[in-house]
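What follows is one structure encoded as structure tokens, with my remarks underneath.
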Amino acid sequence: MMKRRAADFGMGLILPLLLIALWWVTSTAADSFYFPPLPHVLDVFADLWVFDLVPVHVFPSLAAIGLGLGISIVLGVALGVLLGLSRFVSDMVSPVLQFLRYLPAVALLPLAIQLIGIGLEMRVLIIVLGAIWPILLNTMDGVRGIHPAVGDVARSTRLDGPTWIFRIVLPAASPQIFTGIRASLAVAVVLMVASELLGSSRGMGYFILESQRQFSIPEMWSGMILLGIIGYLLNVIFGRVEHHVLAWHRLSRS
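When we follow UniProt numbering, the leftmost residue of the sequence shown carries the number 1, and every step to the right adds one.
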């Protein structure tokens, strides 16, 4: 098992290492103001991000992602279970949900800035408005996909409502719920950057935008590299959590 994981990890590094090598060679030989040599960008990265700017820009961005995604999970799963179990409620609120679903969260940034102001609350709100939908829709599909015989067994054993939801419905829908959360994680990172580009005085998006405005191109590239690293690490951490939580699901399928 350990050898297989090491092999999978090594295979996943081949393409990134090839791209880094290609970037290193082409940027070193090129003479472009907008594409500085990768060794210089990495030197700037080490000077800025190893210790100095992490509390100023990285921590606020991670706080916005954590709060926004956490609220999206709670609201998305709760509403998804309700709409998945009740066809009547789902049909009644479907027009409103479809309207809000196709309204881009980024389009609400000016309104959110006017109502809430520039700060963590506004960024969290924008993330929730965009990240809730994959979770909600996948939860609905997962709940509706439960076999009717399971409901018949629950009624015959006279399970109460909370036991039915937490012991039967949520575990049965959890594979699709985690699929929605994985999609929402990517959405949360994108909306975090977008909200910081327009309505923030610190954060990763703010740093990248300010570096671009000041024509500090190596600093801008260092921020973009760190943003990619953060997104990759968040995906790896979530993958490990999903692997642990859904271990029963893999065993049942095997």
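All C-beta atoms, glycine included, are put in the ideal place defined by N, C-alpha and C.
Among the options, nearest to residue i - alpha-carbon criterion
i    : options               : result
G119 : R240, G228, R202      : R202
F45  : I230, I225, E242      : I225
N138 : W24, Q98, I177, V81   : I177
T28  : L17, P16, V41         : V41
F59  : T26, G161, I230, F166 : I230
I208 : S61, P16, D31         : S61
L109 : H57, S200, I146       : S200
I132 : V74, L48, L159, S156  : V74
H57  : G223, R240, D43, H147 : G223
Beta-carbon gap between residue i and residue j smaller than 8 Å
i    : j    : result
L234 : V193 : no
L191 : I126 : yes
E210 : R123 : no
V143 : G84  : yes
A183 : P134 : yes
P55  : P218 : no
V187 : G130 : yes
V150 : A173 : no
G145 : G76  : no
L170 : F238 : no
A154 : I165 : no
Cβ neighbours of residue i in the same chain (closer than 6 Å, five flanking residues each side left out)
i    : result
V128 : G68, I71, S72
G205 : V193, E196, L197
W24  : L38
H249 : P175
D141 : Q176
Residue range of the alpha helix (DSSP H) that includes residue i
i           : result
T179        : 170–198
F51         : Note, F51: premise wrong, no alpha helix (DSSP H); not H, not E.
H244        : 217–245
I132        : 120–144
I113        : 109–116
V106        : Per DSSP, V106 belongs to no alpha helix (DSSP H) and is neither H nor E.
residue 292 : Nothing in the structure corresponds to residue 292, since the chain is present only between 1 and 254.
R155        : 148–156
Neighbourhood of residue i by C-beta distance below 7 Å, restricted to the same chain and skipping five residues each side
i           : result
residue 256 : Missing from the structure shown is residue 256; the chain here goes from 1 to 254 and no further.
L48         : E219, S222
Own chain, CB closer than 8 Å to residue i, minus 5 neighbours either side, in chain order
i   : result
V89 : L82, L83
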